[in-house]
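Data block below; observations after.
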Amino acid sequence: MAPFLYHTYRKRHLLFLFSVFILSQSLPPMALTNPLSPPSSCTKGPGPVIPVTPLLSFLVRVQETALQTYGKSNFDPKHYVDLSLKSNLSTTVEAFDKLPKTENGSVSVKDFEGFIGKYFNDAGDDVVYAEPVDFVPEPHGFLPKVENPEVRGWALEVHALWKNFSRKVSSSVLHDPELHTLLPLPRPVIIPGSRFTEVYYWDSYWVIRGLLASKMYETAKAIVTNLIFMLDTYGHVLNGARAYYTNRRFLLQPASSFECNGYWNSDIHELIIRDAEQCNHFLNRYYAMWNKPRPESSTIDEELASKFLNDSEKQQFYRELASTAESGWDFSTRWMRNSSDFTTLSTTTILPVDLNIFILRMELDIAFLAKTVGENAITEDFLRASQKRQKAFSSIFWNEDMGQWLDYWLNNGADCEEPQTWKAENQNQKVFASNFVPSWIDLFNSDIHLVEKVTKSLKNSGLLCAAGIATSLTNSGQQWDFPNGWAPLQHMIVEGLSKSASMEARAVAKDIAERWIKTNYVAYKKTGAMHEKYDVEKCGEFGGGGEYTPQTGFGWSNGVVLAFLEEFGWPKDKKIDCD
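When we follow this note's numbering, the leftmost residue of the sequence shown carries the number 848, and every step to the right adds one.
Right, dumping it as structure tokens:
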């Protein structure tokens, strides 16, 4: 390639990466997709599938045998697909097949543990500690608005957690990647914590926000470098840095498609909704490249799908499970047609508000950055795309009576290529925190009339609780439902309201941030840990529910607390306990 063309390619490539990785990392997996993917119907049919590696297929067998051997009590299926081999796969499979098994396929605990110990390294051994090059116990200029010594001391402890969760892949992963499901990332990472020993894409945004508050710029840069590595190596950025996430993509962006308007459009992920004025709007949904049990939760998924009688129904359900996992909201009644029946999960038939707002923000960011480097054609393309999507938010998602943006349900069995006519009854009028996420971007938070209407709606929604914003109003037992609150949702809504010109919106944002800081602080003092999620009904309590036990660490919780303290501070005489 000629030097000029090569550098032009790299400039456009980096322009895209900067806009996504630095400005819009919060986009959950799957907004963009492979333009070469085969088309499918909107909701049914076999659809595209990305195959897994032979190692991963074998580890799923090990996972199933472990469940049969140990039973469900304290069983975490992810553990077994995170194991790495001590020797080659064929030797390990041969030894596994020779294990004496009962009629139901179980192996004695003694035999199974002996096999695991002989042929596998433990889950988590494929990452090793990495000393952060830019960590200092108290950085210069750290949280200048935090005047309360008690709060400042705690903030420094949270800051120190970056050091605790800094890792790099082991030399074995780099030299023998075929023995691992962990991907061979070149730079150190910040892991979320507990069972999550690999880097995750949308977690990374809030981790980076915290690292910037901690003045750890090199560590933040390394995270971005790893994301660029995944794009260059795998053609897209994965949900997480494991082989079993290859079917849940974050983005796929060949440089050649950069010149194409709507470069994330495909027959699978983009759908057309025709509004009351006969205008067509192109909007996006989640649709995983997978129709089998998720490898990290294979035994759980198989049990959930057991009620379906035929393979095509099971395959569609498995795709719904994987697509929901792409969204980051796994799981929630938000994605269910019947909130009391988990098997009515229908994520692929929903146009999500938050997914489309993230894409809108990216369109604006790319246009801005393209203009900065003189790429006028790209600027015009993405400005046009953003203007069209902005109109869609008014026509398709906005509900004037509720003062919220609502997810839109697609018609079952509709043809992806044909426009669907907008119907008011297709808006999901249940209240979720995602209904308020559009306030995060300046297009909406700069409109004082709009933001005051949204603020009033938020205050009256039932989501505002003693310790923050609840994810939904339904207590289903799923982790992305009431009473759980999650750091990313608190941050996006608070940041959006706090940037507005409305005094009321800014006051509400500050109040939410203070409630969230308090519950994190009190829970930390009680348990000695930061948590993945919190029970917003009760100050100082961590959350629960879902398909795994509550996790500690925790990357995005740490990042949001530090970002809130940097923005709002904490006065010297203000109490931090639960009132």
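We put the CB at the ideal spot given by N, CA and C, even for glycine. Bear in mind the structure is a predicted one, so any value in this text is a computation, not a measurement.
In chain order, what residues of the same chain lie with their CB nearer than 6 Å to the CB of T1044, ignoring the 5 residues before and after it?
G971, V974 and I1038, listed in sequence order.
Whole-number beta carbon distance between E1394 and S1144, since they are thought to touch under 8 Å:
6 Å
Checking 8 Å against the spacing of the C-beta atoms, do V1054 and G1406 come in under that value?
yes
Entirely within the region 969 to 1043 and at least 4 residues each: give me those alpha helix (DSSP H) ranges in chain order.
996 to 1011 and 1018 to 1022
For S931, does the three-state DSSP call read helix, strand or coil?
strand
Got a sec? Which residues, its chain only, sit under 6 Å from W1176 by beta carbon, not counting five neighbours each side?
W1327
Quick one: is T880 buried, meaning 16 or more other Cβ sit within 10 Å of its Cβ, or exposed?
Here the model assigns T880 a pLDDT of 34, short of 50, so the residue's position is not dependable, and the following value carries that caveat. With 16 or more Cβ atoms within 10 Å of its Cβ, T880 is classed as buried.
Does P895 come within less than 8 Å of chain B when only Cβ atoms are used?
In the structure shown, chain B does not exist; there is a single protein chain.
Can you tell me where the alpha helix (DSSP H) with N1157 in it begins and where it stops?
It is not in any alpha helix (DSSP H) - N1157 carries neither H nor E in the DSSP assignment.
So N1292 and L1207 are supposed to be a Cβ contact under 8 Å. How far apart are they, rounded?
Going by Cβ atoms, the distance from N1292 to L1207 rounds to 13 Å, so no, they are not a contact pair.
Could you please give me the residues that DSSP links to Q1251 through a beta bridge?
N1246
On the DSSP bridge assignment, give the partners of G1315 in chain order.
C1312
Cutoff 7 Å; reference S1323; Cβ partners in own chain excluding five residues on either side
T1180 and S1186
Counting only runs of 4+ residues fully inside the region 1322 to 1346, write out the alpha helix (DSSP H) ranges in chain order.
Annotation note: the region 1322 to 1346 contains the following uninterrupted alpha helix (DSSP H) runs of length 4 or greater, listed N- to C-terminal: 1334 to 1345.
Cutting at 8 Å between CB atoms, please list the residues of its own chain near K1306, excluding the five before and the five after it.
Closer than 8 Å at the Cβ level, and outside the excluded window around K1306, lie V1355.
How close, in whole Å, do the beta carbons of P984 and A1007 come, if the pair is a contact with beta carbons under 8 Å?
7 Å
Nearest neighbour of A1348, chosen from K1373, K1357, P1335 and E1299 [CA to CA]
E1299
Can you tell me which of E1264, N1259 and I1147 puts its alpha carbon nearest to the alpha carbon of I1115?
E1264
Boundaries of the beta strand (DSSP E) in which N1127 is found, first to last residue
Counting along the chain, the unbroken beta strand (DSSP E) around N1127 starts and ends at N1127 to N1131.
My assumption, with CB atoms under 8 Å, is that L1032 sits in contact with F1076. Please give the rounded CB distance.
6 Å
Taking 6 Å as the limit between beta carbons, can you name the residues of its chain near F1283, skipping five residues before and five after?
L1305 and I1340
Can you say whether S1103 is buried or exposed, counting buried as having 16 or more other CB atoms within 10 angstroms of its CB?
Bear in mind that a pLDDT of 28 at S1103, under 50, signals an unreliable position, so the number given afterwards is only what the model happens to contain. By the neighbour-count rule (16 or more Cβ atoms within 10 Å), S1103 is not buried but exposed.
Who are the near neighbours of E1106 in its chain, counting only those whose CB is closer than 6 Å to its CB and skipping five residues on each side?
Residue confidence for E1106 is low, a pLDDT of 29 falling below 50, so the modelled location carries little weight and cannot support an answer.
Between G1315, N1259, L1253 and H1296, which lies nearest to Q1276 when the distance is taken from Cα to Cα?
Out of G1315, N1259, L1253 and H1296, L1253 has the C-alpha closest to the C-alpha of Q1276.
Who are the Cβ neighbours of A1123 in its own chain at under 8 Å, not counting the five residues just before and after it?
S1242 and W1269
In chain order, what are the residue ranges of uninterrupted alpha helix (DSSP H) at least 4 long that sit wholly in the region 903 to 957?
925 to 928 and 936 to 944
Taking V1036 as the reference, give the member of A1060, L1059 and I1070 with the closest Cα.
Of the candidates A1060, L1059 and I1070, I1070 places its Cα closest to the Cα of V1036.
Which residue comes first and which comes last in the alpha helix (DSSP H) that contains L1085?
Note, L1085: premise wrong, no alpha helix (DSSP H); beta strand (DSSP E) at H1083 to L1085.
Just list the residues that DSSP pairs E1117 with in beta bridges.
N1131
Which residues in the same chain as F967 place their Cβ atom closer than 7 Å to its Cβ, once the five residues preceding and following it in sequence are excluded?
L930, S931, L932 and K933
Rounded to whole angstroms, what's the CA-CA distance from I1423 to S1018? Just pull it up for me.
So the alpha carbons of these two residues sit roughly 44 Å apart.
Please determine, among L1198, L1412 and S1286, the residue with the shortest C-alpha to C-alpha distance to K1346.
S1286
Please name the residue in N1138, A1172 and D944 whose C-alpha comes closest to that of D1158.
Nearest option by C-alpha distance: N1138.
Less than 8 Å between the C-beta atoms of W1363 and V993, yes or no?
no
By the three-class DSSP mapping on this structure, what secondary structure does F865 have?
Bear in mind that the predicted position of F865 carries a pLDDT of just 43, short of 50, making it unreliable; the figure below should be weighed with that in mind. Reduced to three states, the DSSP call for F865 is helix.
Compare the beta carbon distance of F1389 and A1370 with 8 Å and say whether it is the shorter of the two.
yes
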